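S.K.: The listed protein sequences derive, respectively, from chains A and B. Residue numbering for the first sequence is 1 to 417, as defined by our numbering. Residue numbering for the second sequence is 1001 to 1124, as defined by our numbering. First, the structure itself, so that you have it in front of you.
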Amino acid sequence: MKQIYLDNQSNTRLDERVFDSMKPFFIEYYGNPQSIYSLGTISKDALESARCKVASLINADAGEIIFTSCGSESNNLAIKGVAEALKANGRHIIVSSIEHFSILNSVRRLEKEGFEVDSVPVDNKGNINELKLKEMLRKDTILVSVQYANPEIGTIQNIKKLVSIVKQSQNISDFVVFHTDAVSACGTIPVDVKDLGVDTLTFSASAIHGPRGAAALYINRGLKIIPQIDGGVQENSKRSGTENIPAIVGFGKACEIAKEELVSKSRFICKLRDRLISGLLNKVECIYLNGPQAQENRLPGNVNFSIEFIEGEALFLLLDAKGVMVGSGSACASKDLKLSHVLRAINVDVVIGQGSIVFTLSKFNTEKEMEYVLEEFPSIVKRLRDMSPLYSYFVQTGKKKVAGLGANFDEHCHCDL
Amino acid sequence: MAFYSEKVMKHFTNPRNVGEIKGADGIGEVGNPVCGDMMTFYIKVNNNKIEDVKFKTFGCGAAIAVSSIVSEMAFGKTIEEVMALTNADVAKALGGLPPNKMHCSNLGADALHKAVENYKSKKL
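What follows is the structure in structure tokens.
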């Protein structure tokens, strides 16, 4: 059967050139880079060469790159490592309301340790409320973390502007650190740390057609950060543990390819995205695009729709039966049975949000695949609407059963969880 | 292993008895769209037996499969037999449900009971 993978926010397919670059480092060059005999030196050279390529993607210096195992680890290291290093100066942290769980749960832990955390709200397209951010800044604020681009609704933040708001505020000390989780941005849109002025930045190989098991934290030279793994001298003693050379080599290659192809592939992916958005809007009634418009600050490969009167998990299971793999922000599709925190943050009606579906495209998708989705999607929606009591109520009365803005899931839900 | 059992997928992709009954003897509605699951059951009763049953469901794969199998299980049963049917029986008949779906989506028997109660209240 046809396999159309449109869930690149979950993981991306490894580029074959990346795979080829990794192969020799499994059974041929397996030396530990900390060893100084020849086999170790080969690994050490591969490690440093990869570091240069990874740094180059974001215009950093190689010495500013720390390799980790995944984006979550990089975010943990940035948040906890900075908080620990700066806690003598203050204990106030600001994060956006649509951060990844590795940020949200890191600050939740810090809260238990006596830090104070404020969450900056976003508008209904996911843009940070700049005024609120300004108001939240305090003399004891040590860390601000804002995700560069949101993988679920595609919103790209104006990080450069947010950094300048934070750094130029009158009401702030000069040690405040700005962190950005750029996992969804790097390799998809141009990212230049020198231009942005961020202090730390997370990005990951698995998001850019590299392997799982390698990610990076950019740390602006001179910034103090407390390691979160105690051990040996690897990664300048900031991240101990034997380096995952095959994955790091693959990460380097993936960054090199991403840099070369960024402009052309991004244009191509935008075209696919726009075709999917306009096609779905034309073919299906009562659907709503979540996040910015295509011509606004939206990630090239992101399409997120709420499909009214039906539920997202049922929708993606039927799409899967047709060979189309997508994601959903609906409550039923999640483990905790709650609507995604991102959809809640942009005030999506909790009932309409149940029918949300996320397509995330990559350079490996084709126009033909988009046409196939546009052909299959409307009949799947019809099939589910035909069995939906909400839809028949709408057809018979012209009225919709909606929860209304701000409706509370826990109050409405009669189930015993 | 797949997220849902084969039987759940069979009922979800090809649900039985979808629809509404005009002039139903009893209608039962459970759930809330906010939770992501809502079921409406329609029954026709003749001689104390379920003569016809139809449903409409808004919800995930589990909710739709549950509705489908409940409608199948109810056909031809007496009112008493239908009232003895539990949500646990339904989950069992489906070859089990994922743990996080046991409570939220497994509302089919409740919806059917409500339809029966509605029928009984009309008779009084």
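C-beta: ideal position from N, C-alpha, C; glycine also. Bear in mind that the values here come from a model prediction, so they are computed numbers and not experimental data.
Taking L289 of chain A as the reference, which of A:L262, A:S356, A:L315 has the closest Cα?
M.R.: A:S356
S.K.: Taking Cβ positions, are I380 of chain A and L315 of chain A nearer each other than 8 Å?
M.R.: yes
S.K.: Quick check on S35 of chain A: buried or exposed, where buried means 16 or more other Cβ atoms within 10 Å of its Cβ?
M.R.: exposed
S.K.: Nearest-angstrom Cα distance between T68 of chain A and N124 of chain A?
M.R.: 34 Å
S.K.: Name the residue from A:T155, A:Y5, A:V54 whose alpha carbon lies nearest to the alpha carbon of Q293 of chain A.
M.R.: A:T155
S.K.: Between which two residues does the alpha helix (DSSP H) carrying K1114 of chain B extend?
M.R.: 1108 to 1123
S.K.: Using a C-beta cutoff of 8 Å, does L280 of chain A count as contacting chain B?
M.R.: For L280 of chain A, the closest Cβ of chain B is not nearer than 8 Å.
S.K.: Pick out whichever of A:L77, A:V395, A:A46 has its Cα sitting closest to the Cα of V249 of chain A.
M.R.: A:A46
S.K.: May I ask you to list the residues that DSSP assigns as paired with Y288 of chain A?
M.R.: A:S306
S.K.: Give the secondary structure of G1028 of chain B by DSSP, where H, G and I count as helix, E and B as strand, and everything else as coil.
M.R.: strand
S.K.: Please classify E64 of chain A as buried or exposed, where buried requires at least 16 other C-beta atoms within 10 Å of its C-beta.
M.R.: buried
S.K.: Which residues, in chain order, does the stretch 1054 to 1077 of chain B contribute to contact with chain A at a C-beta distance below 9 Å?
M.R.: Contact annotation: in the stretch 1054 to 1077 of chain B, residues whose CB is within less than 9 Å of a CB in chain A are F1055, K1056, T1057, F1058, G1059, C1060, G1061, A1062, A1063, I1064, S1067.
S.K.: Mind checking whether D7 of chain A and M370 of chain A have CB atoms under 8 Å apart?
M.R.: No; because the gap between Cβ atoms is not below 8 Å, this pair is not in contact.
S.K.: Counting only the same chain and skipping the five closest in sequence on each side, list residues whose C-beta sits under 8 Å from that of G420 of chain A.
M.R.: This structure cannot settle anything about residue 420 of chain A, because the visible part of chain A is limited to 1 through 417.
S.K.: Which chain B residues sit within Cβ distance under 9 Å of M387 of chain A?
M.R.: P1015, V1018, G1019, F1055, K1056, T1057, F1058, I1064, S1067
S.K.: DSSP state of G197 of chain A, grouped into three classes?
M.R.: coil
S.K.: Helix, strand or coil: how does DSSP classify I65 of chain A here?
M.R.: Correct three-state label for I65 of chain A: strand.
S.K.: If you draw a straight line from the C-alpha of H412 of chain A to the C-alpha of V1034 of chain B, how long is it?
M.R.: Confidence at H412 of chain A is low in this model, with a pLDDT of 43, below 50, so the placement of that residue is unreliable and no value is reported for it.
S.K.: Check whether the Cβ atoms of G327 of chain A and M1 of chain A lie closer than 8 Å to each other.
M.R.: no
S.K.: Which of the three DSSP states is assigned to E73 of chain A in this structure?
M.R.: Helix at E73 of chain A.
S.K.: Using a C-beta cutoff of 8 Å, does V1082 of chain B count as contacting chain A?
M.R.: no
S.K.: Could you give the first and the last residue of the continuous alpha helix (DSSP H) run that contains F25 of chain A?
M.R.: 24 to 27
S.K.: What is the residue span of the alpha helix (DSSP H) that V263 of chain A lies within?
M.R.: 245 to 283
S.K.: Measure the C-alpha to C-alpha separation of G232 of chain A and G114 of chain A and round it to an integer number of angstroms.
M.R.: 29 Å
S.K.: Any idea what DSSP makes of V1034 of chain B, helix, strand or coil?
M.R.: helix
S.K.: At least one CB of chain B closer than 8 Å to the CB of V351 of chain A: is that the case?
M.R.: yes
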